[in-house]
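A.B. asks: Going by our numbering, the sequence shown runs without a break in its numbering and finishes at 679. Sharing a structure, written as structure tokens. Questions coming.
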Amino acid sequence: MTTRTTFPRPVREIENLWLPLPDGARLAARIWLPEDADANPVPALFEFLPYRKSDGTTVRDALRAPYYAGNGYAVLRVDMRGSGDSDGVLTDEYTTQEHDDAVACIAWIAAQPWCDGNVGMMGISWGGFNSLQVAARQPPALKALVVIGFTDDRYADDVHYMGGCVLTSQMLPWSAVMHAYNALPPDPRWVGERWRELWLTRLEGSPPFVETWLAHQTRDAYWKHGSVGEEYAAIRVPVYAVGGWADNYNNSVPRLLAGLSGPRKGLIGPWAHTFPEMGTPGPAIGFLQESLRWWDHWLKGIDTGIMEEPMLRTWLQDSAPPATACDARPGRWVAEPGWPSPNVAEQTLSLNSNGAADWLGNTPQPEVARLIRGREGDSLDVGPWCAYGAPGDFPGDQRPADGAALSFTSAPQVEAVDILGYPLLDLELSADEPLALVAARLCDVAPDGASTLVSWGLLNLTHHKSHEFPEPLEPERRYRVTVQLNVIGHRLAAGHRWRVSVTPTYVRHAWPSPRSVTLTVFCGANSRLRLPVRAPSPDDAALPDYPPPETATPIPLEQLRTPHNRKTITHDQVGGWTELRFEDDGGRLRYTGSGMEVDDRATEMTTVRDGDPLSLRVEIERRVELQRGAWRVWVQSRCAMTADATHFHLSHTLDAYERDTRVFSRASTKAIPRNCV
């Protein structure tokens, strides 16, 4: 990583500037721009987030925003309504109000004397989502996007549901993050004595988001709102879509390339949920330079050559041993002229069984019924839904999970085979319960037996016809279903084997069915794995290398307490209980420039007892503190989720303190009916 200290244009920073909204509310912005922008206006880059510009995204913003500003852009990091230093209350993700505010911000930015009227919108995760959503509103000044780690379908590919299954690992935990952060006050340095009034309004008005998310268990109008895949044609500006194989926000990149009709590019590297210039696992790339080529082309009218290059570039990962920590992933860059790719063709492997062995074969064998009854305590160590790149974030050896599932393994490959796309698993099956799910994993098995997770997918079987209108199964009736696994680019080395595993329990990610389920899979012609096999492309050899990563100068920090993270799984062999426990102590740090101290600690526990799917409990505790001199506030939140046969049960407590005096306390419970889940 290279730190740039000088740029073509000197930069000035405005730590706080108020953006007025039509209803009289104000949003807080942090701005970086060339010193002479008032005399020589520049295009603007806009990022709109709820993660607190003054003490939340400060570290990462300092690496990126001055870099763009020094190259001739105004960069605005704006706190959304109800977050950070802005007015109002944040009530949910991606609301109409959020979009209205963003459209108003773009119009305001374009009208400023330092802006030439051209605006780009960018962001990762939430900022990637709302960039696309706002583009669909077609504000006149918005001319291009860069979106990273995003989705085009809020129901299919976000932190709430996957394949119609409730995401155990994300539904409550992500809501718990926002439950705590929405409870933090604005900074008195910017809002003055109003901070306490604004804080109490925020505490009273911001609900636990999970209550709304869990009330919409099917793909209804709530989820279609903000899902730009409902109408790709509404997005008319050029889009650069970016993902990483260690992230889970990748399925939308090929869909967006296929669905949009305007100029677009795609990039998928080996990275987790982070920026490509910071990418872990590596190799990281000089994405700030790459994105400048994009912005210069679309906002300044400079022919940088970026649109003459292939539409999609991706890191095709090599076979690698499983490891829960990974600094770099071997592989190579490949390119596709468009998507769907003319270089990808489907290869089919049948799930076969002869009573002595289960195997993946090129030719289907006579039908044999194979049964699998899941165990709730299995597969808690399969890795997170969305990795951030920290040690312990990646799935380890899958042999224990493979052994607990119904697994089919191919013969060793004579030659290496590349796949790029969505693996599909067609199953003919039956279940002994009306509510059931199926989880599928695709693994790369090395000659020494180590099993590396390549891709995985879920399907709530009551959703096999429709995510909008689920229907209970008829027990023992045979169904034909297809499970789409997550998009992936992977090379299976010569001598390695494919393994596909099927199970009705995957408690780490899929909330279990109300009663233990036995699946019967009918092996043979109607149960098969379809792989997107890629042939080499002439574009691969002509690829230019990405430049090495560069950033602007990091801001000075003082570490007051060292961060500490711990992830453990324990199993009680007497009671049958298994516990997955995360301790995430972010440490305590001081921003030297502002004097703000931030202290953030969380504990997450998932517990379940074998043979009792209704025993599952997810519980999160979080404590966040802010301090500058004598001013000190902190919030403590506790969130829990359980279920019985008919309802999900949520409980929340929130306590807020000024110094050591509690100024707010709220406790709530809510029961939400289960709908074919």
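Even for Gly, the Cβ is constructed at its ideal location relative to N, Cα and C.
Do L521 and A438 have their C-beta atoms closer together than 8 Å?
C.D. replies: In this structure, A438 lies closer than 8 Å to L521 by Cβ.
A.B. asks: Run through DSSP, which three-state label would D428 get?
C.D. replies: Here D428 sits in strand by DSSP.
A.B. asks: Please report the distance separating the alpha-carbon of S355 from that of G526.
C.D. replies: Their backbone Cα atoms lie some 8 Å apart in a straight line.
A.B. asks: Reducing DSSP to helix, strand and coil, say where C388 ends up.
C.D. replies: Coil at C388, not helix or strand.
A.B. asks: Please name the residue, chosen from H469, Q400, R375, that lies closest to G685 on a Cα-to-Cα basis.
C.D. replies: Outside the modelled stretch of the chain, which goes from 3 to 679, sits residue 685, for which no answer is possible.
A.B. asks: What are the uninterrupted segments assigned as beta strand (DSSP E) that are 3 or more residues long and contained completely in the segment 278 to 344, given in chain order?
C.D. replies: Counting only runs of 3 or more, we get 314 to 319, 333 to 338.
A.B. asks: Which residue wins for smallest C-alpha separation from G84, given the options R530, A658, D94?
C.D. replies: For G84, the nearest C-alpha among the options comes from D94.
A.B. asks: Note the first and the last residue of the continuous beta strand (DSSP E) segment covering K226.
C.D. replies: Not the beta strand (DSSP E): K226 falls in the alpha helix (DSSP H), residues 223 to 226.
A.B. asks: Of the residues G166, P615, N120, which one's Cα is nearest the Cα of K145?
C.D. replies: Of G166, P615, N120, the residue nearest in Cα terms is N120.
A.B. asks: Taking the runs of the beta strand (DSSP E) that are 3 residues or longer, which of them lie wholly in the segment 509 to 574?
C.D. replies: Runs found: 520 to 536, 559 to 563, 566 to 573.
A.B. asks: Grab the span of the alpha helix (DSSP H) containing S133 for me, first residue to last.
C.D. replies: Its alpha helix (DSSP H) spans residues 128 to 137.
A.B. asks: Which residue or residues does DSSP assign as beta-bridge partners of V419?
C.D. replies: DSSP output for V419 lists L494 as bridge partner(s).
A.B. asks: Which residue wins for smallest C-alpha separation from R501, given the options L582, L559, L408?
C.D. replies: The option with the nearest alpha carbon to R501 is L408.
A.B. asks: Taking only the alpha-carbon atoms, compute the straight-line gap between V149 and I126 and give it to the nearest angstrom.
C.D. replies: Straight-line Cα distance between these residues: approximately 6 Å.
A.B. asks: Label K467 either buried or exposed according to how many other C-beta atoms from any shown protein chain fall within 10 Å of its C-beta, with 16 as the threshold for buried.
C.D. replies: With fewer than 16 other Cβ atoms within 10 Å, it is exposed.
A.B. asks: Mind checking S518: buried by the 16 CB within 10 Å criterion, or exposed?
C.D. replies: So S518 ends up on the buried side.
A.B. asks: When burial is assigned at 16 or more other CB atoms within 10 Å of the CB, is V61 buried or exposed?
C.D. replies: Classification of V61: exposed, given that the 10 Å Cβ count is below 16.
A.B. asks: Using only the alpha-carbon positions, how far apart do W633 and R640 sit?
C.D. replies: Cα to Cα, W633 sits roughly 24 Å from R640.
A.B. asks: Helix or strand or just coil, what does DSSP make of T60?
C.D. replies: Helix, per DSSP.
A.B. asks: Indicate the three-state DSSP secondary structure (helix, strand or coil) for T648 in the structure shown.
C.D. replies: Looking at T648 - three-state DSSP - the assignment turns out to be coil, as it is neither helix nor strand.
A.B. asks: Using DSSP's beta-bridge definition, name the partner residues of G125.
C.D. replies: DSSP output for G125 lists V149 as bridge partner(s).
A.B. asks: What distance in whole Å lies between the Cβ atoms of L23 and A113, which are believed to be in contact at a cut-off of 8 Å?
C.D. replies: Rounded, the Cβ-Cβ distance is 14 Å, inconsistent with contact.
A.B. asks: Classify F471 as buried or exposed, calling it buried when 16 or more other Cβ atoms lie within 10 Å of its own Cβ.
C.D. replies: By the neighbour-count rule (16 or more Cβ atoms within 10 Å), F471 is not buried but exposed.
A.B. asks: Bridge partners of Y242, per DSSP?
C.D. replies: Paired residue(s): V148, K267.
A.B. asks: Determine the DSSP secondary structure at A178, reduced to helix, strand or coil.
C.D. replies: In this structure, A178 counts as helix in the three-state DSSP scheme.
A.B. asks: Using CA coordinates, which residue listed in R619, S177, K569, I421 is at the minimum distance from P538?
C.D. replies: Here the closest residue by C-alpha is I421.
A.B. asks: Just verifying my parser: in three-state terms, what is the DSSP assignment at E232?
C.D. replies: It is helical.
A.B. asks: Let me know the secondary structure DSSP gives C117 once reduced to three states.
C.D. replies: The answer is strand: DSSP assigns C117 an E or B state.
A.B. asks: Between E310 and W296, what straight-line distance do the alpha-carbon atoms span, to the nearest angstrom?
C.D. replies: Computed Cα separation, rounded: 12 Å.
A.B. asks: Look up M82 in the DSSP assignment and give the residues it is bridged to.
C.D. replies: Paired residues: none, contrary to the question.
A.B. asks: Can you tell me which of the three DSSP states M598 falls into?
C.D. replies: Coil.
A.B. asks: So, with DSSP's three-state summary, where would you put D614?
C.D. replies: In the structure shown, D614 sits in a strand (DSSP, three-state: E or B).
A.B. asks: From what residue to what residue does the alpha helix (DSSP H) around R257 run?
C.D. replies: Where R257 is concerned, the enclosing alpha helix (DSSP H) stretches over 254 to 261.
A.B. asks: Would you kindly work out how many angstroms separate the C-alpha atoms of P342 and A327, rounded to a whole number?
C.D. replies: The alpha-carbon atoms of P342 and A327 are separated by roughly 33 Å.
A.B. asks: Mapping DSSP to helix, strand and coil, what is A71?
C.D. replies: In this structure, A71 counts as helix in the three-state DSSP scheme.
A.B. asks: Helix, strand or coil: how does DSSP classify I111 here?
C.D. replies: Three-state result, I111: helix.
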